[in-house]
Every structure is written in C-alpha cells, then in structure tokens.
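Participant: Sharing a structure here in structure tokens format.
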Amino acid sequence: MKKVIFFIDGFNVYHSLANLQYRKYKWLDFNKFANHFINRFEKIEDIFYFTALTHWNKKKVKRHRIYIKAQEAVGVKTVYGKFKKKSKKCRVCHRLYETYEEKQTDVNIAIYLFKLAIEDRYDKAYIVSGDSDLIPSISAIKESFPNKEIGLIIPIRGKASELKSVCDFHIQMKEKHLQMNQFPDEIKLPDKSRITRPEEWK
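Per my numbering: the sequence shown = residues 7 to 208.
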C-alpha cells in the first residue's frame, strides 16, 4: 500500500474559483476531493491545507474561519502562513498604494515536502497548486528522494506548464471534481455545534 500525502495551496485553489462560474464551489471538502484521486493501492496518511488569515476584512475572516473549521472536522490539517504589507504602483495613475500579499505558502509546502520525505511519511505526494514558485523545491525533492513520486493537481483554469515539467504526473482539475466533492450545506462539528455554508458561496 502506497502512503500518500496531499499538499493543498489554499489561496491558489481559492483564486482559481474567483470566476463567477466557479464561485459556488468554494465550499470544497478537501478530504472527499483527495479520496477522489487515489486508487485502491494507495492510502492517505495526511492532508495539509496551506493558507493564511487576513485581518483587514472581518467578513472574509469569518468565512475563512468557518471553512477552516469545516476542513479540520474531516481531518484536514491547517498550516498557516501570513500576509505582508506591500507597496504597488497603479498602472493607470502611477501612484503607489498599499496592499497585502500572502507569504510563506510555497516555503511551508517545501519544508513539509522535505520534512515528511526525510521521515518517510509518504511514497507519493499530490500537490494541489499551479504556483511556479514551487519548481525549485519539487526539483530538489526529486533529486534528493528519487523514489518519491510527486504529482500535481492543477486548479481549474490553470496551465502550470513549467510546474508540470518537474512532476512525475499531473491532473487537470475539472468542474466535476469540484461539483462532486462539496461539503453539505450544514456540518455538525465534534463538539455538536453546527456550521453552515456562507451565503456568498452559494
């Protein structure tokens, strides 16, 4: 039986669902989603969800916390990065403005890939991302652990041609993968409390 771990780039998946056509699929159950892709000779050891909490939009933070609770209720483990303030130039007026940029997800994924490979926790890794910043870490893993199989699930609408080239295999996420693997609208948590799908995600 092959030991499998999923590494999910939360914001990469989230932004792929920003399109009006796919917004209704944001209530994605990563446990069901992961089990959809493995075969009968594989066993999921862990599913890691890499994300970061915003702090400037209370409504978004509330939705995100609800989503994290839903994931953790089905055994998904959350790994937090952070947001960093950054100055950008407006393309129209050329003035500088402040925005926030999510940091550490690619670094955290790289660290976990290496740490868990060293501990021999997986034979096969599924990375759910289209971020080309992961190329160096995946290449290094392949060089250091040639027997580990590294696969890629590319978020819907993504291409990731360079990232695909350093992986052993790749799968393109399709609408059916999103549609089939949603949480129910209401989830009962282990403490008997309940959470519901945010209205904005319906």
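For every residue, glycine included, the Cβ atom is placed at its ideal position computed from N, Cα and C.
(1) Can we say the stretch 32–43 touches the stretch 107–122, given the rule of at least three CB pairs closer than 8 Å?
(2) Ordered along the chain, which non-local residues of its own chain (more than five positions away) have a Cβ less than 6 Å from that of lysine 32?
(3) Cβ of isoleucine 75 within 9 Å of Cβ of aspartate 52?
(4) Pick from Ala123, Arg163, Gln185 and Lys64: whose alpha carbon is nearest that of isoleucine 156?
(5) Does the stretch 149–166 come into contact with the stretch 174–184, if we say contact requires no fewer than three beta-carbon pairs (one atom in each stretch) closer than 8 Å?
(6) Which word fits asparagine 153, buried or exposed, when buried means at least 16 other C-beta atoms lie within 10 angstroms of its C-beta?
(7) Helix or strand or just coil, what does DSSP make of arginine 71?
(8) Can you list, in chain order, the residues of its chain with a C-beta nearer than 8 Å to that of lysine 49? Leave out the 5 residues immediately preceding and following it.
Facilitator: So, to answer that:
(1) no
(2) Leu23 and Trp207
(3) According to the sequence shown, residue 75 is lysine rather than isoleucine. Contact: no.
(4) It is Ala123.
(5) yes
(6) Here asparagine 153 is exposed. Its C-beta has fewer than 16 other C-beta atoms within 10 Å.
(7) helix
(8) Met7, Lys8, Lys9 and Val10
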